[in-house]
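Inspection log for the structure reproduced underneath, given as structure tokens.
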Amino acid sequence: MNVSELKDNMFDAIGKEWMLVTAGTPERFNLMTASWGGIGVLWGRPVAFVFIRPERYTYGFVEQGDTLTLSFLGAEHKQVHGICGSKSGRDTDKVAEAGLHPLVTEQGNVTYEEARLVLECRKLYADAIDPACFTDPSLVSRWYGAHGGFHKMYVVEIINVWTK
Ligand SMILES: Cc1cc2nc3c(=O)[nH]c(=O)nc-3n(C[C@H](O)[C@H](O)[C@H](O)COP(=O)(O)O)c2cc1C
Numbered sequence: 105m106n107v108s109e110l111k112d113n114m115f116d117a118i119g120k121e122w123m124l125v126t127a128g129t130p131e132r133f134n135l136m137t138a139s140w141g142g143i144g145v146l147w148g149r150p151v152a153f154v155f156i157r158p159e160r161y162t163y164g165f166v167e168q169g170d171t172l173t174l175s176f177l178g179a180e181h182k183q184v185h186g187i188c189g190s191k192s193g194r195d196t197d198k199v200a201e202a203g204l205h206p207l208v209t210e211q212g213n214v215t216y217e218e219a220r221l222v223l224e225c226r227k228l229y230a231d232a233i234d235p236a237c238f239t240d241p242s243l244v245s246r247w248y249g250a251h252g253g254f255h256k257m258y259v260v261e262i263i264n265v266w267t268k
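Numbered per my numbering, the sequence shown spans residues 105 to 268.
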């Protein structure tokens with residue numbers, strides 16, 4: 105389907121329902137919960153924005169590849185995010201523990217049978233959040249330091265959309 109046909113309120117989908125960011129190959133991938141990001145238009149393309157702290161295991165997979173998927177599971181799979189948002193793929197098989205069933209897209213990206221909405225994306229631009237660039241510096245102490253490293257922002261083109 106086309107992005108223009110999307111009926112979702114993406115504020116709620118990203119911020120309240122949450123999403124799984126998955127990157128890597130069918131043989132070797134990782135996934136994590138994310139609730140920060142956005143959807144929009146940039147450089148004449150439909151895009152999503154995701155923000156990933158460098159300490160996440162997922163970060164290396166996103167860095168290495170050209171693509172990623174954003175999978176929205178619906179409220180009935182909220183417990184999946186309890187696992188994928190707190191445990192690391194470094195030492196946990198999150199797919200098995202969360203009971204997810206991976207699906208491989210035609211382009212070789214991984215999503216899940218459980219997903220109600222999938223955005224398949226291709227990286228366009230990435231840059232680390234720079235503490236010097238905050239026009240509201242209170243956000244730095246609120247969200248960084250003890251909370252973790254500065255996110256890297258990825259602008260990704262939405263190349264395919266599927267809904268159930
Ligand atoms: C609701 C929720 C939202 C999250 N959103 C993000 C996010 O947007 N960016 C991020 O870097 N980490 C986010 N996290 C944290 C990661 O999901 C978490 O650290 C995860 O265990 C990383 O797994 P990994 O080490 O296998 O990559 C979120 C966690 C939760 C519970």
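The C-beta atom is built at its ideal place from N, Cα and C for all residues, glycine as well.
Starting from Cys225, follow its DSSP beta bridges and name the residues at the other end. Sequence index remark: in the sequence shown, residue 225 carries index 121 (1-based). Leu172, Ile262.
Please work out which residues of its chain come closer than 7 Å, Cβ to Cβ, to Phe176, disregarding the five sequence neighbours upstream and downstream, and give them in chain order. Here residue 176 is taken as the residue at index 72 of the sequence shown, counted from 1. These residues qualify, in order along the chain: Ala117, Glu121, Met123, Ala219, Arg220, Leu221.
Does the distance from the CB of Glu224 to the CB of Arg149 come in under 8 Å? The residue given as residue 224 occupies position 120 in the sequence shown. The residue given as residue 149 occupies position 45 in the sequence shown. Contact flag unset, no.
Integer Cβ distance of Val214 from Gly128, believed to fall under 8 Å: For this step, residue 214 is matched to residue 110 along the sequence shown. For this step, residue 128 is matched to residue 24 along the sequence shown. Indeed, because the Cβ distance is near 7 Å, the residues count as touching under 8 Å.
Counting C-beta neighbours from all protein chains within 10 Å, is the total for Thr267 16 or more, i.e. buried, or is it exposed? Your numbering for residue 267 matches position 163 in the sequence shown. By the neighbour-count rule (16 or more Cβ atoms within 10 Å), Thr267 is not buried but exposed.
Three-state secondary structure (DSSP) of Met257: Within the sequence shown, residue 257 is the residue found at index 153, counting from 1. Strand, per DSSP.
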